[in-house]
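Inspection log for the structure reproduced underneath, given as structure tokens.
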């Protein structure tokens, strides 16, 4: 078998197993934690998780610049002294900025719980941003195995500590947060050991180091802002919910988002493996590969929406105190369709083609649209349902705009598929909102079967591709 294909399959296997374990951990925590802790404590825990997403952008674009510049390179060929200076630069900047912000916030805040959440978030930030340089270096140089070990080490330790605290009867959100921080510390230690040739080196001259830092920040800042805007498409809605409703409501909406996001873990993992592989792929093969991967991801995703119906029934029985929050699952579950396609395919292709500026503009436009819709829904209409629905709507709009732009770049036809997917998504939301759980499930199953009939040509072509691949493997 071709060595590059073999390496790609190995990397997919690593990330698949890691994310399978991560999904299991997330599922258990979603089932157990809301059942055991108070709604208020769960809300503060989710607030910390949300804040850590925000503070991860303190990489300043430096890590993203490395990711874009060195995608597909061999780890051994990297100029490691240059990387060392950038790692320690990030660490010093984050220590200074994070703890300065924590001190300022604590001076003016009147909510002691939120102050504690912010302080612990800043502590986590000192770990997250510098590690991102090492993690993205591992990803971009195809050292997916080491990256996977670091990721699962963090998740496993976090999971074990949360379970231990809950078994001991400790239900305060602070201990849930400390479990996450300990997991991150262990992951950072492993990542530093894995990249010790980068971390523990003599720096080059200050002038040369600053020059490289400037280049990477200049290149990576567009991708950083694009990612930040992408986060705040949903984040702005969550902030307005936190501001206009209670922390309990924030926790309930966050629970539903967590359930929806679980479906995207596998998809994001494939995107991690795809980027260095696409950077090595001849440009003329990109269109056919896109069509193959698009079918491979979209057909199972629409099938996965069927999981909504048993999931809602089980969770409503298990977590009666969150019963009203499962209404939002109807509105949020389809977001995984658009986010998964965006994460795995469109983002990866645009980064491969070095169109991060276009990605930035698309995300900024969608963020603006998200803020406008959120203000209307929150302050003019005071409708939590419409506020939550706007998340799925704006993510769908972003995905459509980005895919239409990409289709022109690589000369593929996607308009028909986009219309079919929008119809299936609208059918799912309408059926789940207006019909009983059983009737909605049966009717959506018919919709999905009809979708499979429409897509049968692409499905058979995909099957033939796999059959041909495995015949070559065995011969």
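In the working numbering, the protein residues as written are 68 to 542.
Glycine is no exception: its CB is placed at the ideal position from the N, C-alpha and C atoms.
All of these numbers come straight from a predicted model, not from anything done at the bench.
Minimum C-alpha distance to residue i - residue among the options
i           : options               : result
residue 168 : 219, 184 and 218      : 184
residue 420 : 254, 385, 229 and 474 : 474
residue 375 : 352, 300 and 509      : 509
residue 135 : 162, 308 and 284      : 284
residue 119 : 517, 251, 203 and 174 : 251
residue 501 : 394, 105 and 245      : 394
residue 464 : 218, 507, 406 and 454 : 406
residue 165 : 253, 124 and 235      : 124
residue 320 : 381, 392, 146 and 307 : 392
residue 137 : 208, 158, 181 and 186 : 208
residue 122 : 291, 174, 350 and 450 : 291
residue 150 : 173, 205, 102 and 228 : 205
residue 253 : 144, 452, 188 and 224 : 224
residue 482 : 358, 228 and 384      : 358
residue 439 : 384, 107, 307 and 173 : 307
Residue interval of the alpha helix (DSSP H) (run including residue i)
i           : result
residue 361 : 353 to 371
residue 113 : 106 to 122
residue 484 : 482 to 501
residue 160 : 147 to 175
residue 180 : 179 to 207
residue 377 : 375 to 385
residue 142 : Note, residue 142: premise wrong, no alpha helix (DSSP H); not H, not E.
residue 212 : 211 to 234
residue 241 : 240 to 261
residue 406 : 402 to 408
residue 442 : 423 to 442
residue 474 : 451 to 477
residue 514 : 504 to 521
residue 396 : 394 to 399
residue 416 : 414 to 419
Cβ neighbour criterion (16 or more within 10 Å) applied to residue i
i           : result
residue 527 : exposed
residue 68  : Residue placement at residue 68 is poorly supported in this model, since its pLDDT is 46, which falls under 50; the coordinates still yield a value, given next. Its Cβ having fewer than 16 others within 10 Å, residue 68 is exposed.
residue 541 : Unreliable placement is indicated for residue 541, whose pLDDT of 40 sits below 50; no coordinate value is reported for it.
residue 388 : exposed
residue 512 : exposed
residue 370 : exposed
residue 191 : buried
residue 178 : exposed
residue 279 : buried
residue 447 : exposed
residue 95  : exposed
residue 98  : exposed
residue 408 : buried
residue 493 : exposed
residue 365 : buried
residue 161 : buried
residue 470 : buried
residue 523 : exposed
residue 247 : buried
residue 530 : exposed
residue 516 : exposed
residue 262 : buried
residue 537 : Residue placement at residue 537 is flagged as unreliable, the pLDDT there being 44, under the threshold of 50; the coordinate-derived value follows with that caveat. Exposed: under 16 other Cβ atoms inside 10 Å.
residue 231 : exposed
residue 521 : exposed
residue 299 : buried
residue 351 : exposed
Pair within 7 Å by beta-carbon distance, residue i and residue j
i           : j           : result
residue 412 : residue 289 : no
residue 132 : residue 273 : no
residue 257 : residue 200 : no
residue 402 : residue 379 : no
residue 244 : residue 109 : no
residue 89  : residue 198 : no
residue 458 : residue 301 : yes
residue 259 : residue 249 : no
residue 456 : residue 398 : yes
residue 507 : residue 498 : yes
residue 431 : residue 217 : no
residue 487 : residue 467 : no
residue 147 : residue 268 : yes
residue 355 : residue 152 : no
residue 303 : residue 441 : yes
residue 362 : residue 525 : yes
residue 460 : residue 433 : no
residue 445 : residue 238 : no
residue 194 : residue 241 : no
residue 353 : residue 496 : no
Below-7 Å beta-carbon distance, residue i vs any chain C residue
i           : result
residue 298 : No chain C is part of this structure, which consists of one protein chain only.
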